[in-house]
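Okay, so the sequence shown: first residue is 790 according to the numbering used here, each after it adds one.
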Amino acid sequence: MEKKLIKKDALAGIINKLSEQMLVYAPVKDEDNVLFKTLEKGMEPLVDYSNTRNAPKNFFFPKTETMMRYMRTERGMELSGEDGETQEAILFGVRPCDARSFVLLDKVFDQEKYKDSYYIDKREKTTIISLACVHPPYSTCFCTSVGGHPMSEEGTDVLLTDMGDNYLAEFITSKGEKLLEKIGDLPAADGSTDEKKKELSESAEKEIKSHIPGKEIKPWLDDNFEHPFWDTIHQSCLACGTCTYLCPTCHCFDISDEVKGSDGKRIRTWDSCMYWLFTQETSGHNPRTSQKQRWRQRLMHKFKYFVDNFDEIACVGCGRCVRYCPVNIDIRKIVTDISKL
């Protein structure tokens, strides 16, 4: 693994230069928010920010995605072409919790028996550059409770760590090392840099003040599907879907056809287990008619079903669902309350 140093005031310029050669998706200022967007000419990538409002999963798993286009003819249905090929790209400025979400999404979209070609194509052609959380930004961060770390290398190709005047740039994977060739010569890091990074890593872990039980609650979930506790967590929920749409690991979607004249396209769009229509069947029957059932599904999916299938919790502890819920529902409190039952 190559370890280099990048001057802090040079990083934004390097990313802008790369954006002239390939597609770059990066955090940018958008009114009062920081959002991941395609970096265009005149846009400045942020290198000093807490975290984005939207999770970068949108790059690999878009909110709306055309899967195919077709045309109805006298001979039947014919494919009429596809959207352009996926470009080689850089996903810059990803926090370690969000980088870890890609590892979890890979377990869904890149399985041995089921492979989502749309997702995989984008993953294979994208190099991920992460920014370590030397100082975890929010009191709602709880990555260490669900298998993560504020300075984790998991899920990234290049990890940048703020060392003061410089960033320590660790080119972890072959895609990361290939990117180094595009950047050019950088000064090498020495042994003292490794020692300082270790100290920063230990300090960052201690700064995480929010902790929840993780897999410890699964035995209770296994045996208490009809427990009265489920009547207590949903009453203020607006079913707005904010928690699922901002979540880095939620991956439910719907597929529909849009037809105009003889031309049509099949599209995939995000869906949410918080919505009443999510489980409505063609017959009109809906097995989840109450918000209680829908909220139970969300929690069971993250802390039981995903663990059953992949031995991982489907949560990276980013805290977005806590920060942006309009009625202040806090998944940390719910999980903690379950651990006390």
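Even glycine gets a Cβ: it sits at the ideal position worked out from N, Cα and C.
With a threshold of 16 other beta carbon atoms within 10 Å, residue 846 meets it and is buried. Excluding residues up to 5 positions away in sequence, 1007, 1010 and 1011 lie with their Cβ nearer than 8 Å to the Cβ of residue 1093 in the same chain.
Taking the CA atoms as reference points, residue 887 sits about 22 Å from residue 832. In this structure, the beta-carbon distance from residue 844 to residue 828 does not fall below 9 Å.
In the DSSP secondary-structure assignment, residue 1053 is bridged to 859 and 1048. In the three-state DSSP reduction, residue 960 falls in the strand class (E or B). Boundaries of the alpha helix (DSSP H) around residue 888: 885-898. Residue burial is scored here from C-beta neighbours: residue 1066 has fewer than 16 other C-beta atoms within 10 angstroms and is therefore classed as exposed.
When DSSP states are grouped into helix, strand and coil, residue 982 belongs to the helix group. Looking at 897, 907, 793 and 966, the one whose alpha-carbon comes closest to that of residue 874 is 907. Between the beta-carbon of residue 910 and that of residue 797 there is about 34 Å, and that puts the pair past the 8 Å contact cut.
Apart from the 5 residues on each side of it in sequence, residue 966 sits with its Cβ closer than 7 Å to the Cβ of 791 and 960 in its chain, given in chain order. In the three-state reduction of the DSSP assignment, residue 865 falls in the strand class.
Note on geometry: alpha-carbon atoms of residue 813 and residue 804 lie some 8 Å from one another. DSSP, read as helix, strand or coil, puts residue 1018 in helix. Each of 1002, 1078 and 1110 was checked against the Cα of residue 1034, and the nearest Cα belongs to 1110. Taking the Cβ atoms as the reference, residue 958 lies roughly 5 Å from residue 793, within the contact range of under 8 Å. The criterion of a C-beta distance shorter than 9 Å is satisfied by residue 1113 and residue 1032. Of the other Cβ atoms in all chains shown, fewer than 16 fall within 10 Å of the Cβ of residue 799; this residue is therefore exposed. As DSSP reads the structure, residue 1078 sits in no beta bridge. Secondary structure of residue 935 (DSSP, three-state): helix. DSSP places residue 829 outside any alpha helix (DSSP H), giving it a letter other than H or E. If you look at residue 1033, you'll find it in the alpha helix (DSSP H) that goes 1031-1035. Take residue 1058, set aside five residues on each side of it, and the residues of its chain with a beta-carbon closer than 6 Å to its own are 853 and 1043, in chain order. Per DSSP, the unbroken beta strand (DSSP E) holding residue 947 starts and ends at 947-951. Annotated three-state conformation of residue 1064 is coil, per DSSP. For the options 1063, 977 and 925, the alpha carbon positioned closest to that of residue 992 is the one of 925.
Residue 1014 counts as exposed, since fewer than 16 other C-beta atoms from the protein chains shown sit within 10 angstroms of its C-beta. Within its own chain, no residue has a Cβ closer than 8 Å to the Cβ of residue 900 once the five positions on either side in sequence are excluded.
Residue 1125: member of the alpha helix (DSSP H) spanning 1120-1128, first to last residue. Residue 905 counts as buried, since at least 16 other C-beta atoms from the protein chains shown sit within 10 angstroms of its C-beta.
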